[in-house]
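Inspection log for the structure reproduced underneath, given as structure tokens.
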Amino acid sequence: MGQTPNTGDTLINKNGFPTSNGFVSGTYITNGLENFNLLQQINCVQSFTYGFDVSRRPVLELGNNGTIYNPIIQHPIVNLEIETLQYGVENEIKMGLTANFTSFISGKNGVGFYASNPNILSGFYTRWTGGLSNILLYPRHYSDKKNFYILLQKDGNEIISATQTEQLNSNILSFGSCYLGSYIASARVGDLPRTKFSFVCDNVQMSTGAYGLNPALDPKNGNRCQTGTYVLPTFVSKQKPQVISPNNIKFSLSNNAGNLNLSGVGFDWGNLKVQEYQIELPLNREPLDSLTYKLPIFKNITYPVYATINISAIAGDQFKSALNDLFIKDNSYSLNIGLANTCVYNGIDAYLNKLVEYSFSNALLRSVQISSSVGQNLIIQLSFSQEVNPALNIVGNNNLMSISGFAFGRNNISYSTTNNLLLSGIDFLHISGNNTYIRGDI
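Here you go:
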């Protein structure tokens, strides 16, 4: 996965500024050049799918039964879908979503990087390309419009164990100017948690060797930008996703009037056993076209945006209720759902024990389905929706969806011009005093 903005070289220097120094025939030369690779590995990928449709329009004329010709009327849109297993929020951050994450920089010891959870779409709303803080130079606030690179090894060869030389003999499938179109996260007892990211892209290309020119296209003329080079970092094994047991799914709900139960539903939420959840966040992208441009200048998110939360649970105790309570009160709800980390970090903030958590500040009940059969538990299925508005990223925002959890384990490495770290994608680049530190996939 490439950096944002998606044009230019994939190198930055130790001060966080883009640079092209040090790129020579697909390798990096150290010689004290102090450069770092911004390409980052997406972990636990299970599948990818891509395709495109060619939009044509028949040209007709009077007196002719057939068509004169069928021209292509717009540049094809490439649809890319990537499915991964979920372990924390590392992939989400790399894909462009904004999340609160475990931090070990500036004296922090595993607590959240942000004092309060930011809106999940903050990186798509802002256009500020600066670092997340005055000492954290990378990643950047702006996180939309990325490039993706898929390494294709020859039959019988493992990508994870491939050396730099073996990668240079492989092929690369590159996707340019990719905009996130939807995000889905799901978890089920007895299974592995999964995420699915869908993108709309301007370009796809195949090249030989694990380096080449940036796949982004110039919207003015439709040609490749011809600016920027990339070389893939070496792949490494990461954390292993955990199998979900009944006590791993953590769920809490309260209405914004202070009651812990759903009005008009009649079940005790304190005794509910969640078995499965699925969270969907679709982003409708509208192309920004312009005269004299062959491609859209940008693909904006059209608001309002709504997230959907579907929950399946074994019902708890029942109490007296009436459906008209739901209609009369029409409460909104604060809803938190996610996964606990099976690893316990003694002596470190409890934030680390949270693998991933989704928080919704103003969820609205959409549907309730209750079912029971012989020999089976009473099952209740609930569906909520939540408007997500990153323009109101403030405390008390009634349209806030956030994600937080474990990411980027404690792995600080001091910078040194003699350390050959340049082929490993970095997760963080930050400065403390006179020292520059990176945390990366090494």
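Those letters in the sequence shown? Residues 740 to 1181, by the numbering used here.
All residues carry an ideal CB built from backbone N, CA and C; glycine is no exception.
#1: By alpha-carbon positions, which one of I781, S1100, L1094 ends up nearest to S1071?
#2: Just how far apart, CA to CA, sit K885 and Y1016?
#3: Looking only at its own chain, which residues have a Cβ that is under 7 Å from the Cβ of N830, when we skip the five neighbours before and after it?
#4: Count the other CB atoms, across all protein chains shown, that sit within 10 Å of the CB of Y808; report buried if there are 16 or more and exposed otherwise.
#5: Do F852 and L871 have their C-beta atoms closer together than 9 Å?
#6: Rounded to whole angstroms, what's the CA-CA distance from S1111 to L1117? Just pull it up for me.
#7: Taking just the CA atoms, how far does K833 sit from L777?
#8: Are the CB atoms of S1143 and A686 within a distance shorter than 9 Å?
#9: Using only the alpha-carbon positions, how far apart do Q1120 and G835 sit?
#10: What are the boundary residues of the beta strand (DSSP E) that includes N942?
#11: Classify L1034 as buried or exposed, calling it buried when 16 or more other Cβ atoms lie within 10 Å of its own Cβ.
#12: Can you list, in chain order, the residues of its chain with a C-beta nearer than 6 Å to that of P954? Leave out the 5 residues immediately preceding and following it.
#13: May I ask you to check if the CB of N1101 is nearer than 8 Å to at least one heavy atom of the ligand NAD?
#14: Here's the rule I'm using: 16 or more other beta-carbon atoms within 10 Å means buried, otherwise exposed. How should R1024 be labelled?
#15: Could you pull out every residue in the same chain whose Cβ sits closer than 6 Å to the Cβ of K1093, ignoring the five residues on either side in sequence?
#16: Out of curiosity, what's the CA-to-CA distance linking Y950 and Y969?
#17: Name the residue from P857, I983, Y918, K1012 whose alpha carbon lies nearest to the alpha carbon of P1129.
#18: Where do the N-terminal and C-terminal ends of the alpha helix (DSSP H) with I781 fall, by residue?
#19: Identify the residues that DSSP records as bridge partners of R927: which are they?
#20: Taking the CB atoms as reference points, tell me whether G967 and T749 lie closer together than 9 Å.
#21: If I measure Cβ to Cβ from I812 and keep anything under 7 Å in the same chain, skipping five residues before and after, which residues do I get?
#22: Which residues bound the alpha helix (DSSP H) around N862?
#23: So if DSSP puts M834 in a beta bridge, which residue, or which two residues, is it bridged to?
#24: Quick check: I859 and L1011, are their CB atoms within less than 9 Å of each other?
#25: The beta strand (DSSP E) with L971 in it runs from where to where?
#26: What is the C-beta distance between V1127 and A1046, in whole angstroms, given that I count them as a contact (C-beta under 8 Å)?
#27: Beta-carbon within less than 7 Å of F1037's beta-carbon, same chain only, minus the 5 sequence neighbours each way: which residues are those?
#28: What are the partner residues of D792, as DSSP defines its beta bridges?
#29: Would you give the residue range spanned by the beta strand (DSSP E) that R1105 belongs to?
#30: Name the one or two DSSP bridge partners that P958 has.
#31: For my contact list, D883 and Y918 are in at a C-beta cut-off of 8 Å; report their separation, rounded to the angstrom.
#32: Can you tell me which residues form a DSSP beta bridge with E1025?
#33: From which residue to which residue does the beta strand (DSSP E) around G1144 run?
#34: Do you know whose CA, among A1079, L1078, S1073, lies nearest S1124's CA?
#35: Quick check on A1102: buried or exposed, where buried means 16 or more other Cβ atoms within 10 Å of its Cβ?
Walking through what the data contain:
#1: If you number the sequence shown from 1, residue 1071 lands on position 332. For S1071, the nearest C-alpha among the options comes from S1100.
#2: Position 146 of the sequence shown, counting from 1, holds the residue named residue 885. Position 277 of the sequence shown, counting from 1, holds the residue named residue 1016. Answer to the nearest angstrom: the Cα atoms are 29 Å apart.
#3: As a first step, residue 830 is located in the sequence shown; it is residue number 91 there, counting from the start. Cβ neighbours of N830 beyond the five flanking positions: I781, N782, T823, T934.
#4: Taking the first residue of the sequence shown as 1, we reach residue 808 at position 69. So Y808 counts as exposed.
#5: Within the sequence shown, the letter at position 113 stands for residue 852. Within the sequence shown, the letter at position 132 stands for residue 871. Yes, the pair counts as a contact, with Cβ atoms nearer than the cut-off.
#6: Stepping through the sequence shown from its first residue, residue 1111 is reached at position 372. Stepping through the sequence shown from its first residue, residue 1117 is reached at position 378. Approximately 5 Å between the Cα atoms of the pair.
#7: Sequence index remark: in the sequence shown, residue 777 carries index 38 (1-based). Sequence index remark: in the sequence shown, residue 833 carries index 94 (1-based). The straight-line gap from Cα to Cα measures roughly 11 Å.
#8: There is no way to answer for residue 686, as the model of the chain reaches only from 740 to 1181.
#9: The residue you call residue 1120 lines up with position 381 of the sequence shown. The residue you call residue 835 lines up with position 96 of the sequence shown. Their Cα atoms are separated by approximately 31 Å.
#10: Residue 942 sits at position 203 when you count from the first residue of the sequence shown. Run containing N942: 933-947, per the beta strand (DSSP E) assignment.
#11: Looking up residue 1034 in the sequence shown gives position 295. So L1034 counts as buried.
#12: Counted from its first residue, the sequence shown places residue 954 at position 215. Cβ within range, chain order: N886, S913, G915, N942, Q944.
#13: Ligands in the displayed structure: none, and consequently the ligand NAD is not present.
#14: Position 285 of the sequence shown, counted from the first residue, corresponds to residue 1024. The residue is buried, with at least 16 neighbouring Cβ atoms inside 10 Å.
#15: For the purposes of this step, residue 1093 is taken as residue 354 along the sequence shown, with counting starting at 1. Correct list, in chain order: G1144.
#16: Numbered from 1 along the sequence shown, position 211 holds the residue referred to as residue 950. Numbered from 1 along the sequence shown, position 230 holds the residue referred to as residue 969. Distance between the alpha carbons of Y950 and Y969 is about 5 Å.
#17: In the sequence shown, the residue the question calls residue 1129 occupies position 390. Out of P857, I983, Y918, K1012, P857 has the C-alpha closest to the C-alpha of P1129.
#18: Reading the sequence shown from its first residue, position 42 is the one you call residue 781. Where I781 is concerned, there is no enclosing alpha helix (DSSP H), given that its DSSP letter is neither H nor E.
#19: Position 188 of the sequence shown, counted from the start, is the residue given in the question as residue 927. Looking at the DSSP assignment, R927 forms a beta bridge with E1015.
#20: The residue labelled residue 967 in the question sits at position 228 within the sequence shown. The residue labelled residue 749 in the question sits at position 10 within the sequence shown. Yes, the pair counts as a contact, with Cβ atoms nearer than the cut-off.
#21: By one-based count along the sequence shown, residue 812 stands at place 73. Excluding residues within five positions, the ones whose Cβ falls inside 7 Å are S794, R795, R796.
#22: Here residue 862 is taken as the residue at index 123 of the sequence shown, counted from 1. The question names Asn, but residue 862 in the sequence shown is Gly. Here the alpha helix (DSSP H) through G862 covers 861-864.
#23: What you label residue 834 is simply residue 95 of the sequence shown in a count that begins at 1. Per DSSP, none; premise fails for M834.
#24: If you number the sequence shown from 1, residue 859 lands on position 120. If you number the sequence shown from 1, residue 1011 lands on position 272. No.
#25: Taking the sequence shown and counting its residues from 1, one reaches residue 971 at position 232. Per DSSP, L971 belongs to no beta strand (DSSP E) and is neither H nor E.
#26: On the sequence shown, position 388 is the one that residue 1127 refers to. On the sequence shown, position 307 is the one that residue 1046 refers to. About 5 Å; that satisfies the 8 Å criterion.
#27: The sequence position of residue 1037 within the sequence shown is 298, counting from 1. These residues qualify, in order along the chain: L1027.
#28: As a working note, residue 792 is residue 53 in the sequence shown. I816.
#29: Numbered from its first residue, the sequence shown carries residue 1105 at position 366. Start and end: 1093-1110.
#30: What you label residue 958 is simply residue 219 of the sequence shown in a count that begins at 1. Beta-bridge pairing links P958 to no other residue.
#31: Counted from its first residue, the sequence shown places residue 883 at position 144. Counted from its first residue, the sequence shown places residue 918 at position 179. About 7 Å separates the two Cβ atoms, so the contact holds.
#32: Along the sequence shown, one-based indexing puts residue 1025 at 286. According to DSSP, which records beta bridges pairwise, E1025 is partnered with N1039.
#33: Taking the first residue of the sequence shown as 1, we reach residue 1144 at position 405. Start and end: 1140-1144.
#34: Stepping through the sequence shown from its first residue, residue 1124 is reached at position 385. Residue S1073 is the option with its Cα nearest to S1124.
#35: In the sequence shown, counting from the first residue as 1, residue 1102 sits at position 363. Buried, because 16 or more other Cβ atoms sit within 10 Å of the Cβ of A1102.
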